[in-house]
Amino acid sequence: MAFLTRTRSFARRSWPWLRIPCWIGLGLLVGFVLPYTLVLNKRVQDRFSDVVFAVPTRVYARPLPLSAGEPMSSAALELELTFAGYSHDGRGDVAGSWMKQGSRYTISSRGYAGPDGGELPKRIRVTVGSGEVQSVQDAASGKPIALTHLDPARIATLYGATQEERRFVQLADVPPLLLSGLQAVEDRNFKHNIGIDFGAIARAAFANLRAGHTVQGGSTLTQQLVRNLFLSRDQTFTRKINEALMSLLLEAHYSKGRILEAYVNDVFLGQQGGQAVHGFGAASEFYFGRRLQELRPQEIALLVGLVKGPSYYDPRRAPKRALTRRNLVLQEFFDTGLLSAAQLNAAQAAPLDVIQDGQLPHNRFPAFMELVRRQITADFDEKALREGNLSIFTTLDPAAQLYAEQAISSSLKSLGKRGDGVQAAAVVTDAQTGNVLAVVGSRSPGDPGYNRALDIQRPIGSTIKPFVYLVALTQPQRWNLASLLDDSPISMRQPNGSVWTPQNDDNRSHGMVPMVDALAQSWNLASIRLGMAVGLPRIRAFLQSFGLKDVNPGPSLLIGALDLAPLQVAQLYQYLAADGHALPLLAVRGVLDGNGRTIKRYQVQGGAGEYQEAVRLVTWAMQQVAEYGTASAIGNSALASLHAAGKTGTSNDMRDSWFAGFTGDHLAVFWMGRDDNKPTTLFGATGGLRAWRDLFAKLPTQPLSARAGAGLEMAWINPTDGKRTEQQCQGAQQVPVVAGSLPADTDGCFWQGVQNLFGGGDSSAPAGTPPAPSSSSTPIRN
4 MAFLTRTRSF ARRSWPWLRI PCWIGLGLLV GFVLPYTLVL NKRVQDRFSD
54 VVFAVPTRVY ARPLPLSAGE PMSSAALELE LTFAGYSHDG RGDVAGSWMK
104 QGSRYTISSR GYAGPDGGEL PKRIRVTVGS GEVQSVQDAA SGKPIALTHL
154 DPARIATLYG ATQEERRFVQ LADVPPLLLS GLQAVEDRNF KHNIGIDFGA
204 IARAAFANLR AGHTVQGGST LTQQLVRNLF LSRDQTFTRK INEALMSLLL
254 EAHYSKGRIL EAYVNDVFLG QQGGQAVHGF GAASEFYFGR RLQELRPQEI
304 ALLVGLVKGP SYYDPRRAPK RALTRRNLVL QEFFDTGLLS AAQLNAAQAA
354 PLDVIQDGQL PHNRFPAFME LVRRQITADF DEKALREGNL SIFTTLDPAA
404 QLYAEQAISS SLKSLGKRGD GVQAAAVVTD AQTGNVLAVV GSRSPGDPGY
454 NRALDIQRPI GSTIKPFVYL VALTQPQRWN LASLLDDSPI SMRQPNGSVW
504 TPQNDDNRSH GMVPMVDALA QSWNLASIRL GMAVGLPRIR AFLQSFGLKD
554 VNPGPSLLIG ALDLAPLQVA QLYQYLAADG HALPLLAVRG VLDGNGRTIK
604 RYQVQGGAGE YQEAVRLVTW AMQQVAEYGT ASAIGNSALA SLHAAGKTGT
654 SNDMRDSWFA GFTGDHLAVF WMGRDDNKPT TLFGATGGLR AWRDLFAKLP
704 TQPLSARAGA GLEMAWINPT DGKRTEQQCQ GAQQVPVVAG SLPADTDGCF
754 WQGVQNLFGG GDSSAPAGTP PAPSSSSTPI RN
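The sequence shown begins at 4 in this note's numbering and counts up one residue at a time.
Given below as C-alpha cells:
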C-alpha cells in the first residue's frame, strides 16, 4: 500500500516533465510534419495527376515495297533489312527476323501503321534474281502476294528538353507475363502493400547484414516510381523519408493500375549515348526491334531483369552477365507459377537474340532531315515536332541514301589528290512521283553542318542546255533534232560595253551540226545560237515557271550562267524525268499522332503534262548524251542497258562539276566543287558523272525505254534542210520527230546527187540564227 502511494506521488510529481516532450512532439507534428506532408501531398497530386511522359517524335523512311518485277538485288534487300533492325537469325519465324536460302528470303514482317493505312505482320518468302524480285509468297500457304511492304526503318528522333526515348503503352496492351513477372521479381506484395512493404524491408536488411553488403532491396514499385518522378538518387536520410511519405500519399490518391501503368512507362532500362531508354515499350524496340506485345518469355525476363541495373546487365556489353540475370528471373517466373517446367527449360536454353543496332537514331541523315523540317514547319512548329509524340513518315529510301553516300565517298577517293578539298552533294528522287529518296549535303554525310544540297548556289553550266533545246522543240514545225545549228564563233556586246566571246570546250568550232549532236557533245556556240533564235525571254520565262528567282536575262544563261542548288536542279530535271509533269519534290508522306491517327497527309495531285512531245524528244537526245556524247562513260559501261538520259555540266574554270541523269525509276543529281570556289580540275564527266555511275552500279532501278515516246515517230532526215529523206541517202540521220510535223513524202537522194555534182550545197543556218563574228575569249566548260 505504501508502495502504491509512493508511485502515485511520483507520477504526480513527474507529470509536468512528461508533458513537455509530448507537447514538443505535438508541436512538431502540427507545426512542421503536417504542413510538410501537405506540401508533399500537393506536389504529388499536381505532378502525378498531370503527368505526361515525354514521348519523342519519331521519323521513318518509306516502307519497302515488294512485288514481282520490282527492281531489287540481294545486297539491297539485305541492306534494307539490316537498316530496319531486322535480325538475321537463321529462322525468320519471329517478327522482325529473316533467313536466307540461296536466292530465297523468308521474312517475318512486323507490320506498321502509316498515313496510307499500313499493313499487318506477315511471314513471307521473297525470291530475288536478275536484278529484280522474282516472286513474293505467303510463307504458310505458298500463295503468291501481289504487293506487300516491310515496315519502314526509323531514321531520326526529335527529342524535347530531355533525351528520353519512350514508347507509351497502356496497361491493357502490356503482356500479362510482364506485369505478373515484374511484380514477382520486384514487389511480390504490390497488390496489397500501402506503398511501403515493411516485411520486404526487414527481409532485405537481414539478407544484406548476413552478406556484409547490399544484395537485396526492399523498395516497392511505388517507391521506385516516386524516386524516378520526384526525387534525386542521393542516398540521404531526408530523401528516404520523402520517398516513404510520397509513396504513402501516391497510394492514398491513385489506383494500383494507374501506378503500375506509370511505372511501366517510366522505368529506366538502358542508354545509347545521350539517349536514355525509359519504359518497357521503348526497351522492347531498343533491344529486340519488336513491339512489346510480340515478345517471348525469355525476352520479357531479360527486360524485367534489367530493372535491377540496366548498365550492369547490358546484354550488348555484358552478354554473359545479362544471360545469368535473365535465367535467374525466369526461375523466379517458374517459382511463382508463371511458367511451366517445359517453358522454363526452353526459355533458359534460348540465346539472348538482342539486335546489334539499338535503333535509336538521333539524326542519321541530317541533310535529308533538314529538307523534312523545311517542308513540315508550315504545319508543325518546333515545339510540336519535339514534344508532340508524332510519327513522321518520309519518302527516304535507305538503299538510295546509303548508296548515294557511298558513291560520293568512293568517287572522291578515286580522284586521289584531285579530290582533296573537294566537297560534294547529291539529291535522288523517284523519277515518276517526285518523292525525294536521298539527300547528301557533304562529303561527310553525317555532318550536320552546311547543307550543300539545299543551300549552296553555284553556276550549273551545261546542265541548263536541255531546257534551251526543250523550248525550241515546242515548235516542231520549225525545229527537230536533225535541224542544223551553226557552231561557228560568236561574240556579243554586253550592256556594260564589254564583248562576250564564248568558246567550246575544245576551243574549236564545228560548222553546221545537227541539233541532237550539238546537245550530245555540249557545244556552246551552237546552243547559244539556238537560244538566241528561240528568244531569251521565252527561255527565261520557262525557267521562272519552276519558281526560280533572279534568272540571268543575258545570253550567258544559255550555257549555264545561273546559280542553283542541287535540289533546284533536281526540281528542273524532275520535269523531264516525269514526262512533262511539273511535280514538286516532296520529302514527307504524312504525320500520325500518338494514337496512330493520320493528322496530315502530303501528296501531289497529278495533272495533265505539258509539252510532252518536246520533253520526249529532249529525253531521247539526252540518251544520246549517255551513248556517244559527253556522258559516254555510261554507254561504254555495264550501265548501258539502263538507257539513261543525262547531261554533264561544268562551270567556268572548272569550279563546279555537275551531272543530272535519270532512269525509268530514279533521278539523281550530283555536284562537286570547293567551298572556297577555287578550281577543282574536274569536268562534269570526271566528277559528278563518276559519282552517278557509282550510285547506279549498286542501286536497283528500271531501265528507261530506248524507244521514242508516244506522239513521236522515227524519221530519216536530210540534215541539210531538215526534211524527210530515205535511209540510203548519204548523211541521212534517223531521229524521233513529232508525229505529223513533217510531210509524209521524201525528197529522195536526187538533191544530194546534184550537190555532189557541183561540189557543195547550201550550208546556211536555220532562219533566225544571228551572224557569227569571228573572235574568241574565255571558254565556258561543258
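No residue lacks a Cβ here, since even glycine has one placed at the ideal position from N, Cα and C.
Note that this is a predicted model, so its numbers are computed, not measured.
{"query": "I need the DSSP call for Tyr316, collapsed to helix, strand or coil.", "result": "coil"}
{"query": "Whole angstroms are fine: how far does the CA of His152 sit from the CA of Asn366?", "result": "24 Å"}
{"query": "Could you give the first and the last residue of the continuous beta strand (DSSP E) run that contains Trp101?", "result": "Ser100 to Gln104"}
{"query": "Assuming contact is defined by CB atoms lying nearer than 9 Å, are Pro462 and Asn655 in contact in what I supplied?", "result": "yes"}
{"query": "Enumerate, from N- to C-terminal direction, the unbroken alpha helix (DSSP H) stretches of 4 or more residues contained entirely within the region 320 to 397.", "result": "322 to 338, 344 to 352, 369 to 379 and 385 to 390"}
{"query": "Are the CB atoms of Tyr63 and Ile379 nearer to each other than 9 Å?", "result": "no"}
{"query": "Would the region 451 to 460 count as touching the region 540 to 548 if we require 3 or more Cβ pairs under 8 Å?", "result": "no"}
{"query": "Assign Trp623 to one of three DSSP states: helix, strand, or coil.", "result": "helix"}
{"query": "Assuming Glu616 and Gly538 form a contact by the criterion Cβ under 8 Å, report the distance between their Cβ atoms to the nearest whole angstrom.", "result": "No, Glu616 and Gly538 are not in contact; Cβ-Cβ is about 20 Å, not under 8 Å."}
{"query": "Can you give the Cα-Cα distance for Leu252 and Val270, rounded to whole angstroms?", "result": "20 Å"}
{"query": "DSSP puts Phe271 in a beta bridge; with which residues?", "result": "His281"}
{"query": "When you compare each of Trp503, Ala187, Lys125 and Thr225 to Arg261 by their alpha carbons, which one comes out closest?", "result": "Thr225"}
{"query": "Decide if Gly763 is buried, meaning its Cβ has at least 16 other Cβ atoms within 10 Å, or exposed.", "result": "With a pLDDT of only 47 at Gly763, under the threshold of 50, the placement of this residue in the model should not be trusted; the figure read from the coordinates follows. Burial call: exposed."}
{"query": "Pick helix, strand or coil for Pro739, following the three-state DSSP scheme.", "result": "strand"}
{"query": "For Gln140, write down the residues that DSSP places opposite it in a beta bridge.", "result": "Arg128 and Pro147"}
{"query": "Using three-state DSSP, classify Val628 as helix, strand or coil.", "result": "helix"}
{"query": "Between Thr689, Pro739 and Phe86, which has its C-alpha nearest Asp360's C-alpha?", "result": "Phe86"}
{"query": "Just grab the DSSP bridge partners of Ile110 for me.", "result": "Trp101 and Ile127"}
{"query": "Relative to the C-alpha of Leu707, which residue among Lys603, Leu579, Gly725 and Arg727 is closest?", "result": "Leu579"}
{"query": "Name the two residues that bound the continuous beta strand (DSSP E) containing Gly664.", "result": "Asp659 to Phe665"}
{"query": "Considering Lys194, what are the terminal residues of the alpha helix (DSSP H) in which it resides?", "result": "Lys194 -> no alpha helix (DSSP H), and no H or E assigned at all."}
{"query": "Quick check on this structure: which residue in Gln730, Gln274 and Met625 has the alpha carbon closest to the alpha carbon of Arg320?", "result": "Gln274"}
{"query": "Going by CA-CA distance only, name the one from Ala641, Pro746, Gly751 and Ala718 that's closest to Leu698.", "result": "Ala641"}
{"query": "Just the Cα atoms here: how many angstroms apart are Ile197 and Glu246?", "result": "13 Å"}
{"query": "Return the CA-CA distance between Val3 and Gly743, expressed in angstroms with no decimal places.", "result": "Residue 3 lies beyond the stretch modelled for the chain, which goes from 4 to 785, so this question has no answer here."}
{"query": "Pop quiz: Gly687 and Trp661 are said to be a contact at Cβ under 8 Å. What is the actual Cβ separation, rounded to whole angstroms?", "result": "5 Å"}
{"query": "Ignoring anything shorter than 4 residues or poking outside the region 484 to 547, list the alpha helix (DSSP H) runs there in chain order.", "result": "518 to 523, 527 to 537 and 539 to 547"}
{"query": "What's the gap between the Cα of Leu67 and the Cα of Val607?", "result": "20 Å"}
{"query": "Once the 5 residues before and after Gln524 are set aside, which same chain residues still bring their CB inside 7 Å of it?", "result": "Gly632 and Thr633"}
{"query": "Spatial neighbours of Asp490 within its chain, please: C-beta separation below 8 Å, excluding the five flanking residues on both sides.", "result": "Asn507, Ser512, His513, Gly514, Met515, Val516, Ala521, Trp526, Leu528, Ala529 and Arg532"}
{"query": "Which one or two residues does DSSP pair with Arg604 in a beta bridge?", "result": "Gly593"}
{"query": "Using a Cβ-Cβ cut-off of 8 Å (strictly less than) and excluding sequence neighbours within five positions of Asp659, which residues of its own chain qualify?", "result": "Arg461, Pro462, Ile463, Gly464, Gly652, Thr653, Trp674, Met675, Gly676 and Thr683"}
{"query": "With a threshold of 8 Å, are at least 3 pairs of Cβ atoms found where one atom belongs to the region 427 to 447 and the other to the region 95 to 104?", "result": "no"}
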